[in-house]
Each structure stands twice: as structure tokens, then as C-alpha cells.
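Worksheet: one structure, shown below.
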Amino acid sequence: MKPARQGSFIFELIVLMEANPATTAAAVALTAAPFYDFLKVAFKRATGFLDAEPETPHLRSLYERREPPPLQKTPVDLDDLAEKLEGSLQAAHRPIGPEGTINRIDIGRPRETLVSFNTATKDWVNTREEAPGLTVYQGNMTRYNSLSRNGRAFIDQLERVVPVRPDGDFPAGDLGNLTWSLHGSNTGTRNKLLMRVRPVTSASGQVKRLLLSDCQAAPEE
Numbered sequence: 008m009k010p011a012r013q014g015s016f017i018f019e020l021i022v023l024m025e026a027n028p029a030t031t032a033a034a035v036a037l038t039a040a041p042f043y044d045f046l047k048v049a050f051k052r053a054t055g056f057l058d059a060e061p062e063t064p065h066l067r068s069l070y071e072r073r074e075p076p077p078l079q080k081t082p083v084d085l086d087d088l089a090e091k092l093e094g095s096l097q098a099a100h101r102p103i104g105p106e107g108t109i110n111r112i113d114i115g116r117p118r119e120t121l122v123s124f125n126t127a128t129k130d131w132v133n134t135r136e137e138a139p140g141l142t143v144y145q146g147n148m149t150r151y152n153s154l155s156r157n158g159r160a161f162i163d164q165l166e167r168v169v170p171v172r173p174d175g176d177f178p179a180g181d182l183g184n185l186t187w188s189l190h191g192s193n194t195g196t197r198n199k200l201l202m203r204v205r206p207v208t209s210a211s212g213q214v215k216r217l218l219l220s221d222c223q224a225a226p227e228e
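Counting from 1 along the sequence shown, just add 7 to a position and that's the residue number in our numbering.
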């Protein structure tokens, strides 16, 4: 990161991208688009835009693969990355708002804003303390990563999709219930779970993810 010019609040981030076997203008152009796309999705997911998805064909196909290419790693789980970014983003948002000096911070490439930080995103990244007790929600899995164990669930009481992941006390035997619910969601069959969770909320109390303590199939209606 280059220091801001005198009297300026604009910082330049210099990124070196190389293609194998040799860097060419065409190769850099192909590499740059997924890179910017990844930055945009990562920051948007971390600041409350939970539906943000990759847009470039290369990055989209990477996340649509069920298995990584031979000798390559599985791409980072975006919800897991969003959670890990929160601490740094809390610090990045400190200048924004009544106690700060500015209203917005923009991150972008030349002639294109990728993401903006403002009072709404500041509220999202500043998490309340984890709820001490357990809450019971009903819902169904809409996505589940067996490697990271992160997933998404539609929660009936909240009427929206929320990131979920097993907490430290989640029984290994209940993992099958998550895949069962996901299969039901994909095939239009029974899929509802009763989930005991620890909600994680934003500064204003909006549920941003659920830490699963246990789950079981909900009774048939």
C-alpha cells in the first residue's frame, strides 16, 4: 500500500499478478478481472451483502465445481472469509460516523467502485457479544460445504437465508441432518430442521449468522 499523497485521503494498493509461463498484457487482463471480482465479493459478503456472488466466468466456474482441479486447493469458503475479515473491517470503519470524520470509504479500481463502506456497513461489522443462551429456529439448509462445514439456511422465523456453521459443541452425528436437509431442499422433499443456535447479531441486533449447537428433523406437519 502506497502512502497517501499530501492532502489526500486516497491510498493506492499495488498488486503484482504473474501468469505462468510468462506475463503478457492479455494474461494480466484475464487475471485482473477475477481478482477484482474476488475482492468485491469478499468485502460485500463481510459487510452485510450476503447474496453477493462472483460475476466473472472464471471465478464463478471455480465456485461451482464440486471438486478442485487435480493438484489444486479448494477455493476459500466466502462465508468463512467474511467472518475472518470482520475484525480488520471494524478497524477500517472507525473513521466513519459521528465519532469519525468522514461519511464513506470507497474501495475500487480505476473508474470503478467495487464496494463502499458507510454507517450501514459499520453497523454490520460491529458485532454484539455472542448470545449466552440458545435459541430454537426452524429452517432448511440451502447450501452446505462439507470441507469448511459452513452453510446457508432459510430460517422460517426470519424469512430469509442466513449463514450457519456448527459450533464447538455440535455433535458430529448431527452433520448428517444438515446434508439430509440440503438434499430435501434440492429435491423438493421433506427438509425442515429444528436448530438450537447461538445467534450472532450486528450492532443494531440484526442476525448475521447462526452457530449451531445441535439440530434434528422437524416433526412432519
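For each residue, glycine too, the CB sits at the ideal point set by N, CA and C.
Give every residue of the same chain whose Cβ lies closer than 6 Å to the Cβ of residue i, excluding the five residues on either side of it in the sequence, and list them in chain order.
i    : result
A49  : L88
D181 : D221, C222
S188 : N147, M148, N198, L200
R203 : L141, V143, S220, D221
N152 : D84
I112 : F124
Could you give the DSSP three-state label for residue i: helix, strand or coil?
i    : result
K129 : helix
L200 : strand
Q13  : coil
R67  : helix
T54  : coil
V171 : strand
L92  : helix
A59  : coil
D221 : strand
K47  : helix
Apply the 10 Å Cβ neighbour rule to residue i and answer buried if 16 or more other Cβ atoms are within range, or exposed otherwise.
i    : result
N157 : buried
F177 : buried
L20  : exposed
R159 : buried
D163 : exposed
P10  : exposed
V83  : exposed
P170 : buried
A53  : buried
K47  : buried
S95  : exposed
T128 : buried
K215 : buried
Tell me which same chain residues have a C-beta within less than 7 Å of the C-beta of residue i, skipping the five on either side of it?
i    : result
L66  : P41, D44, F45
T51  : Per the sequence shown, the amino acid found at residue 51 is Lys instead of Thr. Around K51: A59, V122.
D130 : S209, A210, S211
T126 : I103, G104
P206 : A138, T142, V214, L217
Please confirm whether any heavy atom of the ligand NAD lies closer than 7 Å to the CB of residue i.
i    : result
R167 : Summarising the ligand content, the structure contains no ligands, and the ligand NAD is consequently not present.
Near residue i, what residues of its chain come up, given a Cβ to Cβ distance below 8 Å and the 5 sequence neighbours on each side ignored?
i    : result
E227 : R197
N184 : L200, C222, Q223, A224
Can you tell me which residues form a DSSP beta bridge with residue i?
i    : result
T208 : V214
I103 : I109
E19  : K9
How about residue i: is its C-beta nearer than 8 Å to some C-beta of chain B?
i   : result
E71 : In the structure shown, chain B does not exist; there is a single protein chain.
* To do: Taking only runs that begin and end inside the region 111-166, name each unbroken beta strand (DSSP E) of 3 or more residues, in chain order.
  => 112-116, 119-124, 142-151, 158-162
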